[in-house]
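Enquirer: Handing you a structure now.
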Amino acid sequence: MRLADLSGFAFDLDGCIWTGAVLLPGAAELLTALRRRGKRVAFLTNNSRELPESVAGKLNRLGVEASPREVLTALELLGQEIARRFGRTEVLILGVDEMAEALKAHGHRVVPLERWQEARVVAVGNDPTFDYPKLKAASEAVAHGASFITVNLDPRLPLEKGEFDPGAGALAEAVAVASGARPLVVGKPRPLIFKT
């Protein structure tokens, strides 16, 4: 297959287009060259801390032309997949406010930690405030029958200078070990993100 035969390209972001807040060498030039040839460009990310508007804003600040409609995040998939499998439901989340916002946009109700018994689904994403009470609530809910879903199984999120943040996969693994259940995964490399 030749480049000329392809009409569009989908790019991962973390570790491919940028690392942390640093654009990788050649990324902007490649994307600009593809657009000049009339190729469509999309960005797929397992990022569960940002909505498409925020991701597109970061790309633009780094010198890469992007609009929110060209960005698909794991947060969007999470809300869609929970609705598809369980309808509008009660969800306990390990994640950031943007995750709660994305789930509410799909009609779900976010359950507070202290009411974990009400959760029909436990959803795990990146959570910089992850702690023992969150692990206990999520694990108890799953062990007592709540479905378990995560944005990805990525153990690390690459940052600048070789540093990293623990990824959603690290948190999901903690819940899996404590609850005895394995999660459904919606992000890359699972096929769901490529079918959307």
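Each residue of the sequence shown is one higher than the one before, starting from -10 at the first, in the working numbering. Note that CB positions come from ideal geometry on N, CA and C, so glycine has one too.
Give the DSSP-derived three-state secondary structure of Ser(-4) in the structure shown.
Expert: Position 7 of the sequence shown holds residue -4. Ser(-4): coil per DSSP, three-state reduction.
Enquirer: Write down the C-beta distance between Phe119 and Leu173 rounded to the nearest angstrom, noting that I regard them as a contact closer than 8 Å.
Expert: Residue 119 sits at position 130 when you count from the first residue of the sequence shown. Residue 173 sits at position 184 when you count from the first residue of the sequence shown. Wrong, their Cβ atoms sit about 20 Å apart, outside the cutoff.
Enquirer: Under three-state DSSP, which class holds Val113?
Expert: Residue 113 sits at position 124 when you count from the first residue of the sequence shown. Note: Val113 maps to strand in three-state DSSP.
Enquirer: Am I right that Lys93 and Val99 are in contact with their C-beta atoms under 8 Å? What's the rounded C-beta distance?
Expert: To locate residue 93, count along the sequence shown from 1; it is residue 104. To locate residue 99, count along the sequence shown from 1; it is residue 110. Their Cβ separation, rounded to whole angstroms, is 7 Å, which keeps Lys93 and Val99 in contact under 8 Å.
Enquirer: Is Thr78 helix, strand or coil when you go by DSSP?
Expert: Looking up residue 78 in the sequence shown gives position 89. Here Thr78 sits in coil by DSSP.
Enquirer: Just to confirm the assignment, what range does the alpha helix (DSSP H) spanning Arg50 have?
Expert: Your numbering for residue 50 matches position 61 in the sequence shown. Unbroken alpha helix (DSSP H) run through Arg50: 41 to 50.
Enquirer: Quick one: using the 10 Å Cβ neighbour count with 16 as the cut-off for buried, is Val164 buried or exposed?
Expert: For the purposes of this step, residue 164 is taken as residue 175 along the sequence shown, with counting starting at 1. Classification for Val164: buried.
Enquirer: In chain order, which continuous runs of the alpha helix (DSSP H) of length 4 or greater are located wholly inside the segment 127 to 184?
Expert: Correct list: 157 to 168, 181 to 184.
Enquirer: If you follow the beta strand (DSSP E) that Arg29 is part of, which residue opens it and which one closes it?
Expert: Position 40 of the sequence shown, counting from 1, holds the residue named residue 29. Note, Arg29: beta strand (DSSP E), 29 to 34.
Enquirer: Write down the C-beta distance between Ala108 and Ala91 rounded to the nearest angstrom, noting that I regard them as a contact closer than 8 Å.
Expert: As a first step, residue 108 must be located in the sequence shown, where it is residue number 119. As a first step, residue 91 must be located in the sequence shown, where it is residue number 102. Their Cβ separation, rounded to whole angstroms, is 17 Å, which puts Ala108 and Ala91 out of contact at 8 Å.
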